[in-house]
Structures are given as C-alpha cells and as structure tokens.
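Here is the structure we will look at.
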C-alpha cells in the first residue's frame, strides 16, 4: 500500500474509483438514471481540472495504490465549508472513496488517517464530514470514533435524502506519523 499526494496524472485512476464507488454505494439511494449517466471520461476531466485546486491552499487529496501501483482509492480534505459545522469543526473530510473490489483491506482507514494528519499539520484540532443516512459508510465512521452530530435534508436528482454529519472533536487520538506530514 502506498499513499501519496494526488497529481493530475492520477485523474484517470481516480475517475474509475469515483464512478465505480458511486454506482455501487449509492444504488438504491440515488436515482438510477443519475448513476447510469456517470462517465469515466467526464470524471477524469473534472479531476484534471480539480486536482491542482484540491492539493493547494490547505486542501489536500491523497491517493492510495495497491501493491501493483494501481489507484484503488482517494480521499480529500481541508477547511470546513459548512457554516453549520464551522463553529465546532475547523477541518472537513470532503470525500473518501475506496474501489468496491478493494474495501475491507485497510485502505480507507489509512486514507482517513492521511487526511487527519494533513489537517493536524495545519493546526486543525477537529473535523467533520457528511454522508447519507443509513449508508454503509456510517458504520465505518462509527468504527473510527466519529459521532453523528448533525443532519440535513438534501435533494439529488429529484430524490430527497437525509445527510448525516459525523464529527471528531479531538484529533489527538490519531497517532501522527511525522513522515506523513512531509
């Protein structure tokens, strides 16, 4: 397993992970036509445009490669964007995706820790994230010590959903590996 800062050259691999994760994880949650219309090419173009923005100014995107050097996941985080959560949580995990064929192997936990380490290096002491109510990621975030702290309604593709915010009030419980901060 190799975790490193994402580069524009990673866009194709990240797009594959992103689309496959959405299609797998959100089946039955998001409208089928929305999931069916996701395209690797479109996501790749978005990542080519967004990676430079998501690896600067306090934000960071990490990719994880398997033993063969193939990107199997990514995570990104930075300063809290949501005004409702900003008073208590200064950092935010914007997204964490591990390809469905590579879940339950520790990649997600290591990506999460990499984002936490980055945010701690920027003097953030707490973080939060959003996920969908009842989504399988809820148990993952519970396992990592997150607590449900807020919920909100959102509409995606004409479907009303409930999002849950999970928060970590004290990032000092995550051991910091000095090598990951460099």
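In the UniProt record's numbering, the protein residues as written are 1 to 182.
Positions of the beta carbon are idealized from the N, C-alpha and C atoms, including for glycine.
No experiment lies behind these values; they were computed from the predicted model shown.
Just mark residue 40 as buried or exposed, buried being the case when its beta carbon has 16 or more other beta carbons within 10 Å.
Numbered from its first residue, the chain shown carries residue 40 at position 40. Around the Cβ of residue 40, a 10 Å sphere holds fewer than 16 other Cβ atoms; the residue is exposed.
Assigned secondary structure, residue 108 (DSSP; H/G/I helix, E/B strand, else coil):
The sequence position of residue 108 within the chain shown is 108, counting from 1. In the three-state DSSP reduction, residue 108 falls in the helix class (H, G or I).
List the whole-angstrom C-beta distance separating residue 193 from residue 165, where the pair is believed to meet the contact cut-off of C-beta under 8 Å.
Here the chain has residues from 1 to 182 only, and residue 193 is not among them.
Can you tell me the Cα-Cα spacing of residue 30 and residue 43, whole angstroms?
Here residue 30 corresponds to residue number 30 of the chain shown, with the count starting at 1. Here residue 43 corresponds to residue number 43 of the chain shown, with the count starting at 1. Here the alpha carbons of residue 43 and residue 30 stand approximately 18 Å from one another.
Please say whether residue 128 and residue 115 have beta carbons closer to each other than 8 Å?
The residue labelled residue 115 in the question sits at position 115 within the chain shown. The residue labelled residue 128 in the question sits at position 128 within the chain shown. Taking C-beta atoms as the reference points, residue 115 and residue 128 fail to come closer than 8 Å.
State the start and end residues of the unbroken beta strand (DSSP E) segment that holds residue 60.
Position 60 of the chain shown, counted from the start, is the residue given in the question as residue 60. Unbroken beta strand (DSSP E) run through residue 60: 60-65.
By the DSSP assignment, the alpha helix (DSSP H) with residue 85 in it spans what residues?
Walking along the chain shown from the start, residue 85 turns up at place 85. Counted as a single uninterrupted DSSP element, the alpha helix (DSSP H) harbouring residue 85 occupies residues 83-86.
Range of the contiguous alpha helix (DSSP H) that encloses residue 93:
Start at 1 with the first residue of the chain shown, and residue 93 comes out as number 93. For residue 93, no alpha helix (DSSP H) segment is defined; the enclosing uninterrupted segment is the beta strand (DSSP E) at 91-98.
Nearest-angstrom Cα separation, counted from residue 108 out to residue 55:
Within the chain shown, the letter at position 55 stands for residue 55. Within the chain shown, the letter at position 108 stands for residue 108. Their Cα atoms are separated by approximately 19 Å.
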